[in-house]
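Asks:
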Amino acid sequence: METSKVIHAIYNDDDVLMDAVKKVKAERYHIEEIYTPFPVHGLDKAMGLAPTRIAIASFIYGLVGLSVAIIMMNFIMIKDWPQNIGGKPSFSYIENMPAFVPIMFELTVFFAAHLMVITFYLRSRMWPFKKSENPDPRTTDDHFLMEIAVDGNEDELTNLLKESGAVEINLVDKAH
Amino acid sequence: MYTFSNKLRTFSFALIILGLLGVGYGFMTSHKSLEEVKMMLAEEASEHGGGHAEATTHTVVEGTHGTTSHEANVEEAHHGDEHAEHVQHQLANRPWSALYVAAFFFMMISLGILAFYAIQIAAQAGWSPVLFRVMEGMTAYLLPGALIVIAIAVASGTIGHYNLFVWMDPEVVADDKLIQGKSGWLNLPWFTIRGLIFVAGWSLYRHFSRKFSIAQDTAEDKSNFKKAFRISAAFLVFFIYTESMMSWDWIMSVDPHWFSTLFGWYVFASMFVSGITVLALITIYLKSRNYLEFVNENHLHDVAKFMFAFSIFWTYLWFSQFMLIWYSNIPEEVTYFVTRFGDYKLPFLGMVVMNFVFPILMLMNADFKRVPWFVVMTGLVILAGHYIDIFNMIMPATVGDRWFIGIPEISSVLLFAGLFILVVFTALTKAPLLVKGYPFRKESEHFHY
Chain A
1 METSKVIHAI YNDDDVLMDA VKKVKAERYH IEEIYTPFPV HGLDKAMGLA PTRIAIASFI
61 YGLVGLSVAI IMMNFIMIKD WPQNIGGKPS FSYIENMPAF VPIMFELTVF FAAHLMVITF
121 YLRSRMWPFK KSENPDPRTT DDHFLMEIAV DGNEDELTNL LKESGAVEIN LVDKAH
Chain B
177 MYTFSNKLRT FSFALIILGL LGVGYGFMTS HKSLEEVKMM LAEEASEHGG GHAEATTHTV
237 VEGTHGTTSH EANVEEAHHG DEHAEHVQHQ LANRPWSALY VAAFFFMMIS LGILAFYAIQ
297 IAAQAGWSPV LFRVMEGMTA YLLPGALIVI AIAVASGTIG HYNLFVWMDP EVVADDKLIQ
357 GKSGWLNLPW FTIRGLIFVA GWSLYRHFSR KFSIAQDTAE DKSNFKKAFR ISAAFLVFFI
417 YTESMMSWDW IMSVDPHWFS TLFGWYVFAS MFVSGITVLA LITIYLKSRN YLEFVNENHL
477 HDVAKFMFAF SIFWTYLWFS QFMLIWYSNI PEEVTYFVTR FGDYKLPFLG MVVMNFVFPI
537 LMLMNADFKR VPWFVVMTGL VILAGHYIDI FNMIMPATVG DRWFIGIPEI SSVLLFAGLF
597 ILVVFTALTK APLLVKGYPF RKESEHFHY
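Chains A and B supply the protein sequences, listed in that same order. In terms of the numbering used here, the numbers along the first sequence are unbroken and rise by one, the last being 176. In terms of the numbering used here, the numbers along the second sequence are unbroken and rise by one, the last being 625.
1. Hey, is histidine 622(B)'s beta-carbon within less than 8 Å of any beta-carbon in chain A?
2. Have a look at lysine 402(B) and alanine 268(B) and give me their C-alpha separation to the nearest angstrom.
3. Under a Cβ-count criterion, where at least 16 other Cβ atoms within 10 Å of its own Cβ denotes burial, should glutamine 497(B) be classed as buried or exposed?
4. Can you give me the start and stop residues for the beta strand (DSSP E) that lysine 214(B) sits inside?
5. Just to make sure I have the definition right: I need the residues of chain B whose C-beta is within less than 9 Å of the C-beta of glycine 42(A). Which are they?
6. Compare the C-beta of lysine 22(A) against all C-beta atoms of chain B and say whether one is closer than 8 Å.
7. Inspect the CB distances between the stretch 345-363 of chain B and the stretch 386-397 of chain B and report whether three or more fall short of 8 Å.
8. Examine the Cβ distances between the stretch 49-64 of chain A and the stretch 75-86 of chain A and report whether three or more of them are shorter than 8 Å.
9. Using beta-carbon positions only, say whether isoleucine 407(B) and serine 487(B) come within less than 8 Å of one another.
10. Does DSSP put glutamate 168(A) in a helix, in a strand, or in coil?
11. Could you check if arginine 516(B) is buried or exposed, using at least 16 other CB atoms within 10 Å of its CB as the buried criterion?
12. How would you list, in chain order, the residues of chain A whose beta-carbon sits under 9 Å from the beta-carbon of methionine 204(B)?
13. Counting along the chain, where does the alpha helix (DSSP H) carrying glutamate 32(A) start and finish?
14. Go through its chain and collect everything with a Cβ distance to valine 375(B)'s Cβ below 6 Å, but skip five positions before and after it.
15. Let me confirm a value: proline 572(B) is counted as buried when at least 16 other C-beta atoms fall within 10 Å, else exposed. Which label applies?
16. Helix, strand or coil for glutamate 258(B) per DSSP?
17. Give the single residue among Phe280(B), Glu347(B), Gln296(B) and Gly198(B) whose Cα lies nearest to the Cα of serine 620(B).
18. Locate the alpha helix (DSSP H) running through isoleucine 458(B), then write down its first and last residues.
19. Rounded to whole angstroms, what's the CA-CA distance from valine 172(A) to valine 6(A)? Just pull it up for me.
20. Answer yes or no: does any C-beta atom of chain B fall closer than 8 Å to that of lysine 88(A)?
21. Here's a check: name, in chain order, each residue in its chain whose Cβ is nearer than 8 Å to the Cβ of glutamate 247(B), leaving out the five neighbours to either side.
22. Report back the beta-carbon spacing between valine 213(B) and valine 263(B) to the nearest angstrom; my notes put them in contact at under 8 Å.
23. If you draw a straight line from the alpha carbon of isoleucine 506(B) to that of methionine 569(B), how long is it in whole angstroms?
24. Buried or exposed: which applies to lysine 545(B), given that a residue is buried once 16 or more other Cβ atoms fall within 10 Å of its Cβ?
25. Identify which residue in Glu211(B), Ala274(B), Arg185(B) and Phe308(B) has its Cα closest to the Cα of valine 575(B).
26. I need the DSSP call for methionine 146(A), collapsed to helix, strand or coil.
27. Anyone know if the C-beta pair for leucine 290(B) and arginine 382(B) falls short of 8 Å?
28. Hey, is tyrosine 503(B)'s beta-carbon within less than 8 Å of any beta-carbon in chain A?
29. Does any residue of chain A have a CB that is nearer than 8 Å to the CB of methionine 527(B)?
30. So, for methionine 174(B): in the same chain, excluding its five sequence neighbours on each side, which residues have a beta-carbon less than 6 Å away from its beta-carbon?
31. Anything in chain A within Cβ reach of phenylalanine 498(B), meaning under 8 Å, just list it in chain order.
32. Check this for me: beta carbons of leucine 318(B) and tryptophan 366(B), under 8 Å apart or not?
33. Interface residues of chain A around phenylalanine 495(B) at Cβ under 7 Å?
34. Check whether the Cβ atoms of leucine 145(A) and tyrosine 35(A) sit closer than 8 Å, and answer yes or no.
35. Please specify which runs of the alpha helix (DSSP H), each continuous and at least 4 residues long, are wholly inside the stretch 310-345 of chain B, giving them in chain order.
36. For methionine 284(B), is the classification buried or exposed, using 16 other Cβ atoms within 10 angstroms of its Cβ as the cut-off for buried?
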């Protein structure tokens, strides 16, 4: 196995964590994962993760929602059961369009938001009743955990992490 | 310290002179005799194959304009005379309206940014203090700009021939029950006094906040900051009431029969987004001249986010106002949109593209908000769109279907743009471009997205 042993360095401040990440990256160590109780702004950039594409996905979902709204309102209000909207029985989609704009807006937001969350769960491999991958429950409260692969260099790595302000450093064997 | 470059100063003078010439030309050529108007109408009628289209648009306009109403099938000659007189009046209104729209547009940029500045201080925002001096420079135009707006409005009802506000015309009021009912509010002395109260309140806030801001640069304690914080909060309360009343007075009352309860908010959205856009443009200009070295793309990003967000906010209010009136379809309300869809289709719908579709697509991407030339290009479109927004608020009531964006309109914009540049950049030279002693200065300098 490639990385059976990892070091878990635990921090208790997000600013300290950010500086530590920069230091560790500068020394060219590979950070496997970081667990934080809340999103830390700029952490993805500092870790050198590829930029997220969820914004593009969300834009497309929004367009899908908009199209669904347009087609749905056309079917419901114009085609299937023509409605007299606001005392203007024109039965024309384009002339009644202002009445549908709030629905278009709502469905755009609805689709973008819900599909984005679902996409996020799928990409993060999360589903209901899944067992937590979180190595330390304190990272759901007030601690930050950095996981670094060890490759026969634990002493230098431990020193580096201590210098960077870690409050606790554990060597963990992942190959159970 | 910023020094006003000679090139820019000369440019602003050139704009003012060019603008004055054009405005003068507009006024000189706007007075047509009744015979000339009749000739013009006859020519148009023959071009359009009969005056049918003319008559339909005309009936729509006159309702809002307060001229005595007449049936379509009254005596032909008499109708022709009255119609020609009406058109003659509309032609005479055009340079006044063009001047007023441009004056209001540049005033609202200043007023919008004053509110933005007050919000930044009252919210104790950490990102924006590096831009405070640019905002303070921009608000220097508020006092002259707002006085000019009031002066044009008052002049149109005194030395002019009631070219902007029909309720200023005693003859119109005499036959108009609705305006008579509103004359306790809509009369020239009270209109002027109200305007002066609004301007006095805004200018007092601007004067003291600027004073405290400069005093804080060299102060040892934070007392000036605390005072600025307190007056900013008080100003915002004053502002939201007076801004609303100002928009009823200075804009909505050009159609004295019509009213909209969210009009103040709608004008506010326009003023806010225009102000923030000009803030972005001036910041980028100053950076390109190697000033504001402490401002970076993170600050630009946040300003552009505001441009994006308030473009959407504007659209939300524009649409809310439109949809409720369209849906209920009550005649006295819906005339407002009938004129705009009838005679102003291109500017009215074009404005939605410029103020909504364009910014939403251009500024949605986070990376684009950090690119100066991109923000400049989008900003210019947004500004043009909001000029057209004000144009659409005033023109249908004053010039009806006789609108065009020609020499009077463009010259008026040039005139006030020149004045705006002159006043704002002169104010920028008066103080260092960084608020040295402001408590959140450091946070702002290190602001990072």
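C-beta: ideal position from N, C-alpha, C; glycine also.
Replies: Concretely, from the data shown:
1. no
2. Each residue's Cα considered, the two are about 51 Å apart.
3. Burial check for glutamine 497(B): the Cβ neighbour count within 10 Å reaches 16 or more, so the residue is buried.
4. The continuous stretches of beta strand (DSSP E) do not include lysine 214(B), which lies in the alpha helix (DSSP H) extending over residues 210-223.
5. Under the 9 Å cutoff, chain B gives His624 and Tyr625.
6. no
7. no
8. These segments do not touch.
9. no
10. Strand, per DSSP.
11. buried
12. Near methionine 204(B) there are no residues of chain A at all, since even the closest Cβ is about 43 Å away, more than 9 Å.
13. Following the DSSP letters along the chain, one finds glutamate 32(A) in no alpha helix (DSSP H) but inside the beta strand (DSSP E) bounded by residues 31-35.
14. Ala322
15. buried
16. helix
17. Gln296(B)
18. 439-464
19. 5 Å
20. yes
21. For glutamate 247(B), the predicted model reports a pLDDT of 45, less than 50, meaning its position is unreliable; a value from the coordinates is still stated below. Closer than 8 Å at Cβ, skipping near neighbours: no residue.
22. 5 Å
23. 19 Å
24. buried
25. Ala274(B)
26. Strand.
27. Yes.
28. Cβ-Cβ to chain A under 8 Å: yes for tyrosine 503(B).
29. no
30. For residue 174(B) there is no data in the structure shown, the boundaries of chain B being 177 and 625.
31. Pro98
32. The answer is no: Cβ separation not under 8 Å.
33. Val101
34. yes
35. 318-334
36. buried
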